[in-house]
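Let me begin by presenting the structure, written as C-alpha cells, before commenting on it.
In the working numbering, the protein residues as written are 337 to 504.
Written out as C-alpha cells, the structure reads:
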C-alpha cells in the first residue's frame, strides 16, 4: 500500500487542531492513494512521497489565486504539483501542495447541504488528484476526474458529490 508523508500547516482561519486535520488527511489521502494504486495501477515511489496541506482563509487563498492563476478571487482548493505528472505517471519524492480556504469550504458546505467535514474530504481528494495530473478543463477530463472522486469518496462512505450535475 502506498504511504504518504503528509505535512500540515494551519496558517489562518480558525481551523480544527493540526492533530485533527492530520488524522483526517491521513485517512482521506491514504484511502485516495490506496484506491489509485489498486484500481488505477498508479505507481508510487518506494519511499513515501511528501505533500503539504495548507489550511488558510479566503483572503490568503485569493492572493495566491491572483498571483499564480491570475484569478483575483477566493476559491475552495488550489493544488500545485511539485513536478508535472500525467495520470499513471510515477511521482517523485515530492507530490506538491494543496491549499484549502476555510470560509469558502464552510459556505459551499451550507449551499450543498453537506457537513463541513464531508465537503472538506471531497476537496482533499479533488486537490490530491490534481497532484497526479488529473484535471477538469474539458468534459472528457472532468468525467474521468469526477468519476475517480466519486469512487474514492464511496470508499470513505460518502455520497456522489456530482449526482445530478453535468461534468465541470
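Cβ coordinates follow ideal geometry from the N, Cα and C atoms, glycine included.
C-alpha gap between residue i and residue j, whole angstroms
i, j, result
"residue 352", "residue 499", "29 Å"
"residue 392", "residue 440", "10 Å"
"residue 451", "residue 436", "16 Å"
"residue 491", "residue 408", "35 Å"
"residue 350", "residue 442", "11 Å"
"residue 461", "residue 344", "15 Å"
"residue 483", "residue 472", "11 Å"
"residue 348", "residue 395", "9 Å"
"residue 354", "residue 406", "30 Å"
Pick from the options that is closest to residue i, judged by C-alpha positions
i, options, result
"residue 359", "486, 373, 348 and 342", "342"
"residue 425", "380, 369 and 385", "380"
"residue 412", "372, 455, 376 and 386", "455"
8 Å Cβ cutoff met for residue i and residue j
i, j, result
"residue 357", "residue 364", "no"
"residue 434", "residue 463", "yes"
Problem - Secondary structure, alpha helix (DSSP H): runs of 4+ residues fully inside the region 366-409 - result: 394-405
Handout entry: Runs of alpha helix (DSSP H) wholly within the region 417-487 (minimum 4 residues, chain order)
Key = 438-448 and 452-467
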